[in-house]
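In UniProt numbering, the protein residues as written are 1 to 122. Note that CB positions come from ideal geometry on N, CA and C, so glycine has one too. Here's the structure, in structure tokens; my notes come after.
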Amino acid sequence: MINKEKKDKLTEQMSALHIDEKDLIEKFILGSGSGGQKLQKTASTVYLKHLPTGLEIKCQESRSREDNRYFARVRLCEQFQAAFSNEKTKKQQRMEQIKRQKKRRARRSSKNHGLSRAIDSD
């Protein structure tokens, strides 16, 4: 269950990005995947389409329809922000951080293995 403060924060974010509820098409689809019979029998998956931009979101994070409605709108705001602003989303920042970590680890690993090979050849 999403609390009122989070919902209010989301509506503020949507208004700041100029996303109106009247510009959204919302459909509820039968769920699929893991989650049991309850998920697969109920139409709790949310499909959102923002008409002016054509952005489409499909969300099935929870078994609850109301929670999925909230999460779909959050994702829509993230995609909207990523597509139409120069700021990077949290997901993009995290992906770049992981990429830097992997690069650093590979560099350290090759550096360490290079030293051990030089010692072994003596």
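Integer-rounded CB distance, given that L48 should sit under 8 Å from R63: For the purposes of this step, residue 63 is identified with residue 63 of the sequence shown, where counting begins at 1. For the purposes of this step, residue 48 is identified with residue 48 of the sequence shown, where counting begins at 1. In fact, because the Cβ distance is near 18 Å, the residues do not count as touching under 8 Å.
Three-state secondary structure (DSSP) of K12: Stepping through the sequence shown from its first residue, residue 12 is reached at position 12. Inspection of the sequence shows that residue 12 is occupied by Glu rather than by Lys. E12: helix per DSSP, three-state reduction.
As assigned by DSSP and simplified to three states, the class of H113: The residue given as residue 113 occupies position 113 in the sequence shown. Of the three classes helix, strand and coil, the one that applies to H113 here is helix, per DSSP.
Contact under 9 Å by Cβ, R76 with L55: The residue given as residue 76 occupies position 76 in the sequence shown. The residue given as residue 55 occupies position 55 in the sequence shown. At residue 76 the sequence reads Leu, which differs from the Arg that was named. Yes.
Rounded straight-line distance, which links the Cα of Q93 to that of K99: As a working note, residue 99 is residue 99 in the sequence shown. As a working note, residue 93 is residue 93 in the sequence shown. Going by the C-alpha atoms only, they are around 10 Å apart.
Identified DSSP bridge partners for L55: Within the sequence shown, numbered from 1, the residue matching residue 55 stands at position 55. L55 pairs with H50.
Under 9 Å between C-beta atoms of E21 and V46: Reading the sequence shown from its first residue, position 21 is the one you call residue 21. Reading the sequence shown from its first residue, position 46 is the one you call residue 46. No, they are not a contact pair.
Spatial neighbours of T11 in its chain, beta-carbon cut-off 6 Å, leaving aside the 5 residues before and after: As a first step, residue 11 is located in the sequence shown; it is residue number 11 there, counting from the start. For T11, where only same-chain residues beyond five positions count, there are no Cβ hits under 6 Å.
Cutoff 8 Å; reference Q13; Cβ partners in own chain excluding five residues on either side: Against the sequence shown, residue 13 aligns to sequence position 13. Only C77 meet the Cβ criterion.
Coarse secondary structure for K88, derived from DSSP in three states: As a working note, residue 88 is residue 88 in the sequence shown. K88 falls in the coil class under three-state DSSP.
Residue span of the beta strand (DSSP E) that contains L24, given as start and end: On the sequence shown, position 24 is the one that residue 24 refers to. Looking at the DSSP string, the run of the beta strand (DSSP E) that includes L24 is 24-29.
N- and C-terminal bounds of the alpha helix (DSSP H) containing G36: Taking the sequence shown and counting its residues from 1, the one referred to as residue 36 is at position 36. That run of the alpha helix (DSSP H) goes 36-41.
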